[in-house]
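Numbering (the working numbering) for the sequence shown: 178 to 470. Worksheet for the structure shown next.
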Amino acid sequence: MNNTLEKLWSDGFVKIDQAVPASDLIRINESIKKLLHEGQVDWNLKKSYEANYYMLPPFTNQDWTVLSNIAGRDRVLDAALENFFNDFAISQVLKRVLGSDYLIWELSARVSNHNDSGLALHEDAKGELGISILLNDQLDNNGTTVFVKGSHRFPVSCRDSGVEEYLRPSFMSPFVTPAKGKAGDAFIFFKKTWHGRVKKEKGSPPSSALIFGLFPTGYNFTKFNIQAETLNSLPETLRLHLSSEQKNRASANRMMDDIYKSENYHHNYWKISPYIKKILDIGKKIVRPHLRF
Ligand SMILES: O=C(O)CCC(=O)C(=O)O
Ligand SMILES: [Fe+2]
178 MNNTLEKLWS DGFVKIDQAV PASDLIRINE SIKKLLHEGQ VDWNLKKSYE
228 ANYYMLPPFT NQDWTVLSNI AGRDRVLDAA LENFFNDFAI SQVLKRVLGS
278 DYLIWELSAR VSNHNDSGLA LHEDAKGELG ISILLNDQLD NNGTTVFVKG
328 SHRFPVSCRD SGVEEYLRPS FMSPFVTPAK GKAGDAFIFF KKTWHGRVKK
378 EKGSPPSSAL IFGLFPTGYN FTKFNIQAET LNSLPETLRL HLSSEQKNRA
428 SANRMMDDIY KSENYHHNYW KISPYIKKIL DIGKKIVRPH LRF
């Protein structure tokens with residue numbers, strides 16, 4: 178446990194081997210396969226749905242297929258998710274990082290498709306913790322989540338550093354650590370850690386993962402409008418953390434708060450990054466003068 182927390186603190190991500198037991202993994206995979214294929218909608222139509230609508234369909238394009246809000250759709254799946262959040266090791270990590278009154282924002286499933294061109298390195302919302310659970314063995318980089326080690330404590334954002342724009346998914350591999358492992362392994366990561374997805378090599382099989390977003394209380398995010406009926410159908414732990422009313426007092430001493438303190442930044446790194454970005458931007462203007470920046 179301490180080891181897990183120390184790694185998360187120093188690297189910005191940590192792997193937990195076999196976080197999902199084999200029996201639950203089978204149930205999750207069966208259920209997700211079914212849910213992902215029912216009523217797929219083209220990604221371009223995503224914007225026609227209200228931003229906080231809960232019962233979204235799976236959205237798909239050539240890169241990936243994503244089903245948001247997987248809880249409350251299948252009781253067998255709900256039970257397996259409940260087991261995950263109640264697991265002793267997982268719940269201890271969540272408690273220390275987010276406090277015991279953490280909120281679940283999103284539980285989703287994503288498949289990186291055959292032709293996945295990847296996802297640029299980025300950071301997500303302030304305060305967000307990510308969990309990525311491999312649903313199939315992932316022995317190479319192809320289409321898996323990747324992280325830049327230690328970047329959660331760089332004194333510069335992924336965008337301002339220029340990395341988001343210049344370190345594209347097709348050649349980010351040497352600079353990132355991929356979420357490789359066996360089906361059922363989980364990666365817990367700060368969404369402040371620079372992360373993305375490497376482009377898939379042609380011919381690689383699809384790779385699936387569950388991807389979660391959680392927050393400590395007191396950070397801003399737009400909650401999904403989950404219907405009372407759906408919420409009430411959930412097992413206790415899922416229901417508690419997915420509901421917007423949390424009765425506990427916010428816990429003190431949360432790791433999430435500490436990563437935003439400048440005294441914990443690696444100030445020596447990236448001192449020169451603003452200059453690198455400027456040089457790259459000038460280079461871009463020379464190479465592609467028709468573009469305005
Ligand atoms: O698809 C992936 O593996 C990366 C997803 C991502 O950016 C995230 O979980 O925040
Ligand atoms: Fe992300």
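Glycine included, every Cβ here is placed at the ideal spot set by N, Cα and C. Just so you know, these numbers come straight off a predicted model, no measurement behind them.
Measuring only between beta-carbons, confirm whether residue i sits less than 7 Å from chain D.
i	result
P332	This model lacks chain D altogether; it includes just one protein chain.
What residues are listed by DSSP as bridge partners for residue i?
i	result
Q315	G358
N397	Per DSSP, none; premise fails for N397.
K192	F364
N402	Y230
T322	R374
G390	E283 and G307
T237	D219 and T242
S289	W241 and S384
Less than 8 Å between the CB atoms is what I'm expecting for residue i and residue j, so what's the real figure, rounded?
i	j	result
F367	I456	Contact flag wrong, Cβ pair sits at about 29 Å.
P235	L213	5 Å
A356	S285	With 8 Å as the limit, A356 and S285 do not qualify as a contact, their Cβ atoms being about 15 Å apart.
D240	S294	6 Å
K376	S334	Not quite, the Cβ-Cβ distance comes to about 23 Å (not below 8 Å), so this is no contact.
F262	T414	5 Å
L258	S245	Between S245 and L258 the Cβ distance is about 14 Å, and since that is not below 8 Å, they are no contact.
Go to residue i, then tell me how far its alpha helix (DSSP H) extends in each direction, as first and last residue.
i	result
L258	R252 to N263
S200	A199 to H214
V340	V340 to Y343
M433	M432 to D435
In the DSSP assignment, the beta strand (DSSP E) including residue i goes from what residue to what residue?
i	result
T242	W241 to L244
H299	L296 to H299
L415	From DSSP, L415 is part of no beta strand (DSSP E) but of the alpha helix (DSSP H) over E413 to L419.
Compare the C-alpha of residue i against each of the options and name the closest.
i	options	result
A302	T322, K272, A266 and W371	W371
T354	V323, Y231, I463 and K223	V323
G327	I463, H443 and Q269	H443
S350	D317, P332, G361 and C335	D317
L387	Y226, T242, G189 and W186	T242
N206	N180, D255 and N292	D255
N229	F401, E413, L415 and S420	F401
I247	H329, S334 and E215	E215
L408	D434, R252 and F352	R252
L280	E413, I403, L391 and D458	L391
V191	N263, L271, F262 and L222	L271
G307	N313, H299 and D314	H299
L344	V325, D188 and N238	V325
L312	S200, L419 and A360	A360
W186	N441, V464, K211 and N319	N441
D188	T321, L233, F331 and E283	F331
S385	H291, D337 and R336	H291
S208	N179, I193, K462 and G249	G249
R336	A297, R204, G276 and S381	A297
N238	R287, D434, N319 and S268	R287
Y231	A429, F265 and I403	I403
Inset, instruction - Would you list the residues whose beta-carbon is nearer than 7 Å to any heavy atom of ligand 1, in the order they occur in the chain? - result: Qualifying residues, in the order they occur: W241, R287, S289, L296, H299, D301, G307, S309, T321, T322, K368, H372, G373, R374, A386, I388 and G390.
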